[in-house]
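K.L.:
Number of protein chains: 2
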Amino acid sequence: MTLTAKGRATRDRIVDGAATFLRENELGDITLDDVRAVTNTSKSQLFHYFPGGKEDLLLAVMHHEADRVLSDQQPYLGTLDDWPAWNRWRDAVIARYRAQGAHCPLNSLIGQVGTTPGADEVVRALLSQWQGLVATGIRSMQDAGLMRTDLPAERLAGALVAGIQGGVVIMWSTGTTDHLEAVLDALFDYLRA
Amino acid sequence: MTLTAKGRATRDRIVDGAATFLRENELGDITLDDVRAVTNTSKSQLFHYFPGGKEDLLLAVMHHEADRVLSDQQPYLGTLDDWPAWNRWRDAVIARYRAQGAHCPLNSLIGQVGTTPGADEVVRALLSQWQGLVATGIRSMQDAGLMRTDLPAERLAGALVAGIQGGVVIMWSTGTTDHLEAVLDALFDYLRA
DNA sequence: GCATTTCTGGACTTGTGAGTCCAGAAATGG
DNA sequence: CCATTTCTGGACTCACAAGTCCAGAAATGC
Chain A
1 MTLTAKGRAT
11 RDRIVDGAAT
21 FLRENELGDI
31 TLDDVRAVTN
41 TSKSQLFHYF
51 PGGKEDLLLA
61 VMHHEADRVL
71 SDQQPYLGTL
81 DDWPAWNRWR
91 DAVIARYRAQ
101 GAHCPLNSLI
111 GQVGTTPGAD
121 EVVRALLSQW
131 QGLVATGIRS
141 MQDAGLMRTD
151 LPAERLAGAL
161 VAGIQGGVVI
171 MWSTGTTDHL
181 EAVLDALFDY
191 LRA
Chain B
1 MTLTAKGRAT
11 RDRIVDGAAT
21 FLRENELGDI
31 TLDDVRAVTN
41 TSKSQLFHYF
51 PGGKEDLLLA
61 VMHHEADRVL
71 SDQQPYLGTL
81 DDWPAWNRWR
91 DAVIARYRAQ
101 GAHCPLNSLI
111 GQVGTTPGAD
121 EVVRALLSQW
131 QGLVATGIRS
141 MQDAGLMRTD
151 LPAERLAGAL
161 VAGIQGGVVI
171 MWSTGTTDHL
181 EAVLDALFDY
191 LRA
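Sequence order for the protein chains is A and B. Per full-length UniProt numbering, residue 1 is the first one in the first sequence, and the count goes up by one each step. Per full-length UniProt numbering, residue 1 is the first one in the second sequence, and the count goes up by one each step.
Rendered as structure tokens:
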């Protein structure tokens, strides 16, 4: 499918609109009519740009949101080479999720694309990229003698990502970042030791 | 609504059946017809026992599953008073989630009951009970001089629960307990220090 | 054993939302 | 400028699933 400039713009408008809608509505589900309404498009346009229908569209939105997760942590996540940088990253993560509130677009999406093979692949890719960036940061700290070297960076990065993930999930129901902060503090302290 | 013995049995059969269905089907959603089929009941029975309809029923299933989460960790979770006990608990948690596979009934339920006020309350209650039990374990370890005493038990317990939660969430997409094990090992090690 | 309540079966209504279709407008390229 | 492709609007079909309703069976209690 070759898109003209206009076509690309419309397609982007659809994905952006759907993503925004999901971010602004606590309501976990979204219908094609919602997307239509919020993006000023018609049914045929939706199916023109996403032949696979709803699933296809939501998968595109997932990619879009997955990218946001990492870009929202930049530039901190990319330059974890001394302790102040780590602390800035920590604060950015907490601030990002606090701002997002007790609502996660990606989770809503997983609930709806659920069984689709592409869905968990997007999440898997996101996690592994995330973990990779953290691991790189850990290694550079270890090389500089600023972090304990008796543990594999990749595994520590996995623990950190899991901790953040858990803190965020808990925030969905508690509404506070307490758990997120607790687990980050504990793990940072552990790395410092 | 007063239930006869027969009535209570039917009601239980419905909740049990729905819970089992959710546990056995990767598919995230469930319809009343699914419940009907798997429990040998009729529409009118479903609405007789759950006047609020589907939401009402799913909320009951949520309670049911939330109870399981904690009871599956017993008796270990209730007797965290020396390191071997903590390790047994750790193994039980990992084994439980490994057995459950990349699928979490509670998550499917949250996706479907979503906005209902009762839903996140169930989750919140579960988390706070869980955290409380862990905190009790930590305090008894601290009192016995087996765990560092320079940190508040409640907050450490929060970090642990968040870590487990995150590990489990990640398992949904990766299928492995690697992250769960990594974060548990890190935090245990941290507590030991 | 009779009246009353609880329980059960299943047909029916209704709303909703995904996906189809086609006719026509706008852009593109030679 | 003309042929061809891409883009758009909206009416339509169709399936599915929630919830309603009522008549009759089974249990309960006095």
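Each residue gets a CB set at the ideal place from its N, CA and C atoms; glycine is no exception. Every value quoted in this text rests on a predicted model; they were computed, and no experiment measured them.
State the CB to CB distance for the pair Leu127 (chain B) and Ser173 (chain A), rounded to an integer number of angstroms; the pair is presumed to be in contact (CB under 8 Å).
P.N.:
7 Å
K.L.:
Counting pairs of beta carbons, one from the stretch 148 to 161 of chain A and one from the stretch 179 to 191 of chain B, are three or more of them closer than 8 Å?
P.N.:
yes
K.L.:
Between which two residues does the alpha helix (DSSP H) holding Gly118 (chain A) run?
P.N.:
Unbroken alpha helix (DSSP H) run through Gly118 (chain A): 117 to 143.
K.L.:
Under 8 Å between the Cβ atoms of Leu180 (chain A) and Met171 (chain A)?
P.N.:
One thing to note: Leu180 (chain A) has its Cβ within 8 Å of the Cβ of Met171 (chain A).
K.L.:
Residues of the stretch 173 to 191 of chain B with a CB closer than 8 Å to any CB of chain A: list them in chain order, please.
P.N.:
Ser173, Thr174, Asp178, His179, Leu180, Ala182, Val183, Asp185, Ala186, Leu187, Asp189, Tyr190
K.L.:
Since Gln73 (chain B) contacts Trp89 (chain B) with CB under 8 Å, what's their CB separation in whole angstroms?
P.N.:
7 Å
K.L.:
Please tell me whether Asp120 (chain B) has its Cβ less than 8 Å away from any Cβ of chain A.
P.N.:
yes
K.L.:
Ignoring anything shorter than 4 residues or poking outside the stretch 67 to 102 of chain A, list the alpha helix (DSSP H) runs there in chain order.
P.N.:
83 to 100
K.L.:
If you measure from the beta carbon of Thr115 (chain A) to each beta carbon in chain B, is any gap under 8 Å?
P.N.:
yes
K.L.:
Using the Cα positions of Ala102 (chain B) and Ile94 (chain B), report the straight-line distance between them to the nearest angstrom.
P.N.:
13 Å
K.L.:
Check whether the Cβ atoms of Gly118 (chain A) and Gly166 (chain B) lie closer than 8 Å to each other.
P.N.:
no
K.L.:
Tell me which residues share the same chain as Ser108 (chain A) and place their Cβ nearer than 6 Å to its Cβ, disregarding the 5 neighbours each side in the sequence.
P.N.:
Leu22, Gly28
K.L.:
What residue range is occupied by the uninterrupted alpha helix (DSSP H) comprising Asn40 (chain A)?
P.N.:
Boundaries for Asn40 (chain A): no alpha helix (DSSP H) harbours it, and the DSSP string shows neither H nor E there.
K.L.:
Let me know if Thr2 (chain B) comes out buried or exposed under the rule of 16 or more other beta-carbons within 10 Å of its beta-carbon.
P.N.:
exposed
K.L.:
Rounding to the nearest angstrom, what Cα-Cα distance links Asn25 (chain A) and His64 (chain A) in this structure?
P.N.:
So the alpha carbons of these two residues sit roughly 17 Å apart.
K.L.:
Taking the alpha carbon of Ser42 (chain B) as the point to measure from, which residue in B:Thr177, B:Thr10, B:Met62 has its own alpha carbon closest?
P.N.:
Scanning B:Thr177, B:Thr10, B:Met62 for the CA closest to the CA of Ser42 (chain B) turns up B:Thr10.
K.L.:
My output table needs one value for Arg23 (chain A): the three-state DSSP class, helix, strand or coil.
P.N.:
helix
K.L.:
When the cut-off is 8 Å and only beta carbons count, does Val169 (chain A) lie next to chain B?
P.N.:
Yes, Val169 (chain A) lies at the interface with chain B (some Cβ there is under 8 Å from its Cβ).
K.L.:
Check the Cβ-Cβ distances between Glu26 (chain B) and every residue of chain A, and say whether any is below 8 Å.
P.N.:
yes
K.L.:
Determine whether the Cβ of Ala162 (chain B) lies closer than 8 Å to any Cβ atom of chain A.
P.N.:
Ala162 (chain B) counts as touching chain A.
K.L.:
Can a CB atom of chain B be found closer than 8 Å to the CB of Leu57 (chain A)?
P.N.:
no
K.L.:
Does any residue of chain A bring its CB to less than 8 Å from the CB of Arg124 (chain B)?
P.N.:
yes
K.L.:
Which residues in chain B have a C-beta closer than 7 Å to the C-beta of Gly158 (chain A)? List them in chain order.
P.N.:
Asp178, His179, Ala182
K.L.:
Name the chain B residues whose beta carbon is nearer than 7 Å to that of Gln165 (chain A)?
P.N.:
Gly166, Val169, Ile170
K.L.:
Closer than 8 Å, CB to CB, is Ala193 (chain A) near chain B or not?
P.N.:
yes
K.L.:
Counting only Cβ-Cβ distances shorter than 7 Å, please list the residues of the stretch 126 to 150 of chain B near chain A, keeping chain order.
P.N.:
Leu127
K.L.:
How should Pro105 (chain B) be labelled, buried or exposed, when 16 other C-beta atoms within 10 angstroms of its C-beta is the threshold for buried?
P.N.:
Of the other Cβ atoms in all chains shown, 16 or more fall within 10 Å of the Cβ of Pro105 (chain B); this residue is therefore buried.
K.L.:
Along chain B, which residues have their Cβ under 7 Å away from the Cβ of Gly111 (chain A)?
P.N.:
Gly28, Gly111
K.L.:
Quick check on Gly7 (chain B): does DSSP put it in helix, strand or coil?
P.N.:
helix
K.L.:
Give every residue of the same chain whose Cβ lies closer than 6 Å to the Cβ of Arg139 (chain A), excluding the five residues on either side of it in the sequence, and list them in chain order.
P.N.:
Beyond the five residues adjoining it in sequence on each side, Arg139 (chain A) comes within less than 6 Å, by CB distance, of Ala153 in the same chain, given in chain order.
K.L.:
Rounded to whole angstroms, what's the CA-CA distance from Ile14 (chain A) to Lys54 (chain A)? Just pull it up for me.
P.N.:
Cα to Cα, the separation comes out at about 12 Å.
K.L.:
Identify whether Asp16 (chain A) lies in helix, strand or coil by the three-state DSSP scheme.
P.N.:
helix
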